[in-house]
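In this note's numbering, the protein residues as written are 357 to 768.
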């Protein structure tokens, strides 16, 4: 009998699960995006992107239940198919996508309670984004999802490296980018070699706690000198609109995890997921707008691409040093978690049996880490990289593919 967690029942745990899936490093680039677009335009566009994102994500939930009701998905699909590499690629939802990432992010919440249930009574429990794509438009649907996940997650990892190196260089200007990469990449390679998310549970918990504390301190700095703020004349800018849209979409980096989030609820309260989700995303969007606008209003035309670079520097250990250290530590430990689903997908496509080819898997992991380092060397700009990832893969995962899959599954 298959055994697994019942999922979340408590409203606070459900809220926390959704919240931590959408709060990431992208928020640190929002003040600069507000500077580029203007305060009024930024507020309007961020609110609009939030509404459209929520609508698109909920389309995937509708697709899931349409598939369960009409196609009667088997409870244990993996056991009912051939085990050839091609079949595994097309049907293995449990190992190939953002479900893995959601499991890692949930560690921050799941340390509160652990419960058990028979998953055989819950058809569609492990249905992934890639599965919806496969049932909608076939093998190419899953391929599109996997490709978008690989590129976007790799882009997030590159952005983390840029953030860490920029903040470290702010205090040690004699060190160049290549020097920091030579220091950071070896331990990251080692952590990326880990094959099980359980090994990353504690680092995931530390990263989430550090993130939340650091964001709170940045907010405090913004409002601490708010009485000196002047409303800057730049209220709207058509030139900065495309850039702001890309950054805004990047911030909703948890868009691909919507099915995993919905499945994380206990079956008896799952019908309330949309209410919980809309409420939480309202708060998340409000925080995005508040953080971005407060950061821009606090520092005005001097707002940097990474808001932490604007924090005042003292002669001794101060809050600015602490917040930067916390964020660098958090992103350093989040890197292998974000790379985890990338490696699962690539191993599924490139290796027939990854468990028997450990050294090939290790080589692939090292190569991917080195690729992120090379990308950072080519595009050492946090805001630019955020915009590129947001404009391409995040847009596909958050807007294009949900609409395409929904139109196909609900055709007629």
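We put the CB at the ideal spot given by N, CA and C, even for glycine.
Model, not experiment: these values are computed from the prediction.
CA-CA distance, residue i and residue j?
i	j	result
residue 593	residue 387	15 Å
residue 666	residue 422	49 Å
residue 692	residue 735	21 Å
residue 698	residue 605	20 Å
residue 469	residue 367	Note that residue 469 has pLDDT 38, beneath the 50 cutoff, so the model's placement of it is unreliable and no number is given.
residue 398	residue 630	26 Å
residue 626	residue 755	23 Å
residue 563	residue 381	11 Å
residue 426	residue 709	33 Å
residue 494	residue 377	28 Å
residue 408	residue 759	11 Å
residue 364	residue 595	44 Å
residue 624	residue 369	15 Å
residue 566	residue 539	22 Å
residue 636	residue 656	29 Å
residue 508	residue 541	19 Å
residue 683	residue 768	49 Å
residue 644	residue 621	25 Å
residue 601	residue 712	44 Å
residue 390	residue 654	12 Å
So, at 6 Å on beta carbons, what are the nonlocal neighbours of residue i in its own chain, with the 5 sequence-adjacent residues on each side left out?
i	result
residue 651	387, 578 and 663
residue 661	388, 738 and 739
residue 491	423
residue 614	413 and 416
residue 744	none
residue 640	378
residue 686	563, 566 and 567
Leaving out the 5 sequence neighbours to the left and right, which residues in its chain are closer than 7 Å to residue i when beta-carbon positions are compared?
i	result
residue 311	The structure shown does not extend to residue 311, since the chain is modelled only from 357 to 768, so the question has no answer here.
residue 418	762
residue 547	692
residue 314	The requested residue 314 is not part of the displayed model; the chain covers only 357 to 768.
Could you check how far apart the C-beta atoms of residue i and residue j are, in whole angstroms? I think they sit under 8 Å.
i	j	result
residue 393	residue 597	6 Å
residue 752	residue 570	Wrong, their Cβ atoms sit about 30 Å apart, outside the cutoff.
residue 688	residue 520	6 Å
residue 724	residue 695	7 Å
residue 679	residue 573	4 Å
residue 575	residue 374	Between residue 374 and residue 575 the Cβ distance is about 20 Å, and since that is not below 8 Å, they are no contact.
Please return the same chain residues whose Cβ sits closer than 8 Å to the Cβ of residue i, not counting the five positions on each side in sequence.
i	result
residue 608	378, 405, 406, 409, 750 and 754
residue 537	517, 521, 729, 732 and 733
With contact counted as at least three CB pairs below 8 Å, one residue from each stretch, are the region 699–706 and the region 717–726 in contact?
-> Yes, they touch.
Are three or more beta carbon pairs between the region 522–533 and the region 641–650 nearer than 8 Å?
-> no
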